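2 protein chains.
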Amino acid sequence: MPYRDLSCNELKKEYQKVKAEFEGWRTKGLSLNMARGKPGKEQLDMVSDILTVLAKPEDCVDGTLDARNYGEIRGVPSSRVLFADILGCRPEQVFVGGNASLQLMYDTIAKAYTHGLPHSSRPWCKEEKIKWLCPAPGYDRHFRITESFGFELITVPMKETGPDMDFVEKLVAEPAVKGMWTVPKYSNPEGIIYSKETIHRLAALKPAAPDFMLMWDNAYCIHEFEGEYVPFPDILSLCEAEGNGDMVFEFASTSKITLPGAGVACFACSETNMAHMISVMDAQVISFDKVNQLRHVKYLKNKAHALELMKKHAAILAPKFQTVLQILSRELGNLEIVSWSHPKGGYFISLNTAPGLAKRTLTLCRQAGVTMTDAGATFPYGQDPQDSNIRIAPSLPPIGELEQAMTVFCCCLKLAALETLRN
Amino acid sequence: MPYRDLSCNELKKEYQKVKAEFEGWRTKGLSLNMARGKPGKEQLDMVSDILTVLAKPEDCVDGTLDARNYGEIRGVPSSRVLFADILGCRPEQVFVGGNASLQLMYDTIAKAYTHGLPHSSRPWCKEEKIKWLCPAPGYDRHFRITESFGFELITVPMKETGPDMDFVEKLVAEPAVKGMWTVPKYSNPEGIIYSKETIHRLAALKPAAPDFMLMWDNAYCIHEFEGEYVPFPDILSLCEAEGNGDMVFEFASTSKITLPGAGVACFACSETNMAHMISVMDAQVISFDKVNQLRHVKYLKNKAHALELMKKHAAILAPKFQTVLQILSRELGNLEIVSWSHPKGGYFISLNTAPGLAKRTLTLCRQAGVTMTDAGATFPYGQDPQDSNIRIAPSLPPIGELEQAMTVFCCCLKLAALETLRN
């Protein structure tokens, strides 16, 4: 029965029961972590053959290029072909970097800040004010990048089809609005795939700022854990068709395909942007780790082969997501204090409690030894106006721990709800 | 006999002889490259065992840390111990990053530019004017970093003991002078080891700028190719002893120890600077490639073991340097149109022609199919006021090619000198 329909006495009883359960957990001294979207050990072990695919000097050659030596700032050519295959763009549009797409995103914005972009009238550090669109709930590390440069973060509501485009189209008319974060496929944390209409309206935006950046973080481009691969349009050609070719920077990585700490990341952009980026980056980098790039080419081969590997990840991930959803449903299904997403890909489940319960729930979780992503983290400045959204990351713990952690979590959420209802 | 002592007739004859020799080379259609300090294939092959030192999941653990997953921004702890051992500082002072120290240098200055350093009153992008000290001849990529941020580059003359310290001490009294490049051991390109007095005066500098950066690029810290390892003081403790602990950032990498394109780089600094850098970098990076860091720990083990490996590099490099020096001596020894350095470590030989010959010599080289580092590259803005300095990088070509390239080079330098003397 929904909590709000309970009588005063029933509420008291339920509170006492849940409180006792909580105290039971608290004395257990658990230490469980669902804070970040880290792949689990089983996934890491599954892909660790990648460590030895390059074993001898002659393995390290890509055409005429010796990947072991200096040079080739844009990355090993075959690795650019691989990412172009995965993203559906052209190899000339791809720059393959180091182990982290986050760093490429930071650096791209940093270059706009220190040097400007092709259509900038000046470097952004010389602008009075810069504003940035942040669909929320969204990815905390995105928001922190733009916050760290002092941009004003504007929260864009998320709908089931992606960011609220009426809102976005209105806001980009302001010249100070210089860019926008997106995670278009299996959005972090809600697991939404942007609708065709949303994608088309994004590609067709008419921002007042000539150097507006659509940051297209395609982090989960081939990351289905349930069902077949969902084809996804190439944003570069869509933008180009709308006369917006230089507006978009796309990002991807193998962090959740091979090894999260030792993968390969890329950005893709128009050839005008590419020429500009290379001219600026040329002072920063001789080349990224091409041996690791080539290692990935030999291991992943092409998109079709990478998709086969993703099926194996799915076989490990799907039961974890199912476990979380089952426990949520079992423990909270009828209480009407919370709703949650049912993604088919990505790394997260997004959960919205009744307003005002998120922080308290996670404080209780911490007390019971379960670490979750901080409440508020999915909103700009870490401030969720409703204190409602919680991001659940089921990938790291083994199923046994996950069951325990989720049971604790549900207990804490119930307790938080009951505390409020009793007052 | 020195060229300047030749009679008019002798000069004409010599010119005709050298010109004929040059034309002979030109028709050969050579394609030889001594432009950059790239290790040769023999060196790469020698260290390629590093590719397989991590082969299985259990190899990827450092203490309790799984190097394959996200996290640990400062790098795998054992890799920080390794670099501290090599540099003579403490592991807490070491940050281990990706494959390129150049990128860490760029990023450190970029952070000063976008966010400021602990003692900055504002980010450097908000300053009217920034000036930077560039000992020259020096490393072109250093100069380009600071040029790319719009700093005014000030040339500091190099002496046999290192940068002209009277000059440096005078210049740092100006608050706009915010930093200085150094390559203190086997300087690029001259191969000088800074004297004890120079190092002490650098550590004891009293810059007017409270956020002055001494960029200590210890690129060749264990890179002797002749004779025994030369111990070198820890600049961090020297600066600290002078009350300048936060003034210095030291850099090093394994680019010329293991694989140039796939090594590991670090910076070392005071704990105040480290805390600041991590707080700013935390928005940029989750972690660098820790698998490659651990790979390096397993392969290099410690300083003593790394020094043994450097002896093997030396056995490959020394004959190349000897070849260059022998041909220079044989072809140019008595002409008094040029002098050159005799380094015992590092990657370069620095050559000073009579004024006005460097550009012409390298133009002739290019015509004869030999690519060298551009004339002027060793000076700020690529402008050598004397048009005299040429950097020779003997490491890449096999000995046979090196002999040919150097013979061509000497022919071109003679021809350039004779052209001038005949006018």
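Residue numbers (our numbering), protein chains in the order written: chain A, 878 to 1300; chain B, 878 to 1300.
Virtual Cβ for every residue (Gly too), placed ideally from N, Cα, C.
On a predicted model such as this, the values are computed, not experimentally measured, just so you know.
Would DSSP call residue i helix, strand or coil?
{"i": "B/Asn1300", "result": "coil"}
{"i": "A/Ser1216", "result": "strand"}
{"i": "B/Asp943", "result": "strand"}
{"i": "A/Asp962", "result": "helix"}
{"i": "B/Asp1094", "result": "strand"}
{"i": "A/Asn1065", "result": "coil"}
{"i": "A/Val953", "result": "coil"}
{"i": "A/Asn1266", "result": "strand"}
{"i": "B/Gly1120", "result": "coil"}
{"i": "B/Ser925", "result": "helix"}
{"i": "B/Gly993", "result": "coil"}
{"i": "B/Ile1204", "result": "helix"}
{"i": "A/Val1107", "result": "coil"}
{"i": "A/Phe1256", "result": "coil"}
{"i": "B/Ala1191", "result": "helix"}
{"i": "A/Ala1282", "result": "helix"}
{"i": "B/Gly901", "result": "helix"}
{"i": "B/Arg967", "result": "coil"}
{"i": "B/Asp1261", "result": "coil"}
Let me check understanding here. Comparing Cα to Cα, which of the options lies closest to residue i?
{"i": "A/Phe1102", "options": "A/Gly1068, A/Trp1001, A/Met1090, A/Ala1118", "result": "A/Gly1068"}
{"i": "A/Met1124", "options": "A/Asp1264, A/Ile986, A/Pro934", "result": "A/Ile986"}
{"i": "B/Arg957", "options": "B/Cys1146, B/Pro1271, B/Lys1188, B/Cys1242", "result": "B/Cys1146"}
{"i": "A/Pro1052", "options": "A/Ile1007, A/Tyr1063, A/Tyr1071", "result": "A/Ile1007"}
{"i": "B/Phe1020", "options": "B/Met1092, B/Thr991, B/Ala1235", "result": "B/Met1092"}
{"i": "A/Lys1167", "options": "A/Lys894, A/Asp922, A/Val938, A/Gly914", "result": "A/Val938"}
{"i": "B/Glu1004", "options": "B/Pro1012, B/Ala1013, B/Ala989", "result": "B/Ala989"}
{"i": "B/Ile1155", "options": "B/Leu1186, B/Asp1261, B/Pro995, B/Met1042", "result": "B/Pro995"}
{"i": "A/Asp962", "options": "A/Pro1110, A/Arg1299, A/Ala1231, A/Tyr1258", "result": "A/Pro1110"}
{"i": "B/Glu1280", "options": "B/Ser1206, B/Leu964, B/Phe1256", "result": "B/Ser1206"}
{"i": "B/Leu1194", "options": "B/Asn1229, B/Ala1160, B/Ile1134", "result": "B/Ile1134"}
{"i": "A/Ser997", "options": "A/Glu1117, A/His1153, A/Thr1240", "result": "A/His1153"}
{"i": "B/Glu898", "options": "B/Ile950, B/Asp1261, B/Cys1288", "result": "B/Cys1288"}
Taking 7 Å as the threshold (beta carbon to beta carbon), is residue i in contact with chain A?
{"i": "B/Gln970", "result": "no"}
{"i": "B/Gln1161", "result": "yes"}
{"i": "B/Ala932", "result": "yes"}
{"i": "B/Val895", "result": "no"}
{"i": "B/Gly975", "result": "yes"}
{"i": "B/Asp1166", "result": "yes"}
{"i": "B/Lys1006", "result": "no"}
{"i": "B/Lys1197", "result": "no"}
{"i": "B/Tyr1224", "result": "no"}
{"i": "B/Thr991", "result": "yes"}
{"i": "B/Gln980", "result": "yes"}
To which residues does DSSP link residue i through a beta bridge?
{"i": "A/Cys1011", "result": "A/Thr1032"}
{"i": "A/Met911", "result": "A/Met1249"}
{"i": "A/Met1057", "result": "A/Leu1010, A/Leu1091"}
{"i": "B/Tyr1129", "result": "What sits at residue 1129 of chain B in the sequence shown is Ala, not Tyr. Answer is B/Cys1143."}
{"i": "A/Thr1230", "result": "A/Val1215"}
{"i": "A/Glu1101", "result": "A/Gly1222"}
{"i": "A/Phe972", "result": "A/Phe1144"}
{"i": "A/Gly1039", "result": "A/Lys1036"}
{"i": "B/Val938", "result": "B/Asp943"}
Can you confirm whether residue i, when its beta carbon is compared against all beta carbons of chain B, has any partner nearer than 7 Å?
{"i": "A/Gln920", "result": "no"}
{"i": "A/Pro995", "result": "no"}
{"i": "A/Thr1135", "result": "no"}
{"i": "A/Ser1025", "result": "yes"}
{"i": "A/Arg1021", "result": "yes"}
{"i": "A/Cys1002", "result": "yes"}
{"i": "A/Leu928", "result": "yes"}
{"i": "A/Gly1138", "result": "yes"}
With a threshold of 6 Å (Cβ to nearest heavy atom), would residue i be considered close to the ligand GDP?
{"i": "A/Pro1108", "result": "You won't find the ligand GDP in this model; it holds no ligand whatsoever."}
Count the CB pairs spanning the segment 891-910 of chain A and the segment 1238-1255 of chain A that are closer than 8 Å, and state whether there are at least three. Between the segment 891-910 of chain A and the segment 1238-1255 of chain A there are three or more inter-stretch CB-CB distances shorter than 8 Å, so the stretches are counted as touching.
Evaluate contact between the segment 1132-1140 of chain B and the segment 938-955 of chain B, counting only Cβ atoms and requiring at least three cross-stretch pairs below 8 Å. Under the three-pair Cβ rule at 8 Å, the segment 1132-1140 of chain B does not count as touching the segment 938-955 of chain B.
Would you call the segment 920-937 of chain A and the segment 923-937 of chain B in contact, with 3 or more CB pairs under 8 Å? The segment 920-937 of chain A, when compared against the segment 923-937 of chain B, does touch it at the 8 Å Cβ threshold.
Contacting positions in the segment 1279-1297 of chain B - beta carbon closer than 8 Å to chain D: The structure shown contains no chain D; the protein chains it does contain are A and B.
Does the pairing of the segment 1172-1183 of chain A with the segment 1014-1032 of chain A give three or more beta-carbon distances under 8 Å? Counting C-beta pairs closer than 8 Å gives fewer than three between the segment 1172-1183 of chain A and the segment 1014-1032 of chain A, which falls short of the contact rule.
The segment 1206-1215 of chain B touching the segment 1289-1296 of chain B, judged by at least three CB pairs closer than 8 Å: The segment 1206-1215 of chain B, when compared against the segment 1289-1296 of chain B, does touch it at the 8 Å Cβ threshold.
Does the contact criterion of 3 or more C-beta pairs under 8 Å hold for the segment 1157-1173 of chain A versus the segment 960-979 of chain B? Yes, the segment 1157-1173 of chain A is in contact with the segment 960-979 of chain B.
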